[in-house]
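In this note's numbering, the protein residues as written are 1 to 123.
To keep things clear, I will list the structure first and then write my remarks on it.
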């Protein structure tokens with residue numbers, strides 16, 4: 001599939017099936033989206049091969065940059081063991097160990113850790 005056809009396909013799927021966070025969807029549909037395919041360090045690459053500075057760290061998740069070898073290797077190592085385990089009725093060694101480390105540096109009296117996926121569920 002050539003780049004233009006791929007771009008049209010992605011745009012169509014995006015507009016029909018994705019709801020973008022913090023976005024007025026009516027306005028979103030008025031302009032063609034910038035389609036990002038890759039990240040390296042502080043840069044993002046679009047579908048045409050043009051590079052951009054990722055000035056917002058891709059919001060929330062890439063404060064250390066894209067493609068950081070040490071982080072990528074650690075993620076790959078963990079995924080080889082287990083990619084996710086709920087804490088609903090189960091325990092997980094790394095979750096428990098990290099909670100112990102956090103409590104050691106937390107203010108006195110804070111003895112529990114709740115892993116949250118967003119600010120609205122954080123305590």
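All residues carry an ideal CB built from backbone N, CA and C; glycine is no exception.
- In the assembly as shown, residue 44 is a buried residue. Its beta-carbon has 16 or more other beta-carbons within 10 Å.
- By the Cβ rule, the region 102 to 112 does not count as touching the region 74 to 82, because fewer than three pairs are nearer than 8 angstroms.
- Per DSSP, reduced to three states, the secondary structure at residue 72 is helical.
- In the DSSP annotation of this structure, residue 36 is not part of any alpha helix (DSSP H); the continuous beta strand (DSSP E) holding it starts and ends at 36 to 40.
- Within the region 85 to 120, the runs of alpha helix (DSSP H) at least 4 residues long that lie entirely inside it are, in chain order, 93 to 105.
- For residue 53, the enclosing beta strand (DSSP E) covers residues 51 to 53.
- If the five residues before and after residue 113 are omitted, its C-beta is found closer than 7 angstroms to the C-beta atoms of 99, 102, 103, all from its own chain and listed in chain order.
- Residue 17 is classed as exposed because its beta carbon has fewer than 16 other beta carbons within 10 Å across all chains shown.
- Take residue 9, set aside five residues on each side of it, and the residues of its chain with a beta-carbon closer than 8 angstroms to its own are 1, in chain order.
- With at least 16 other beta carbons inside 10 angstroms of its own, residue 66 counts as buried.
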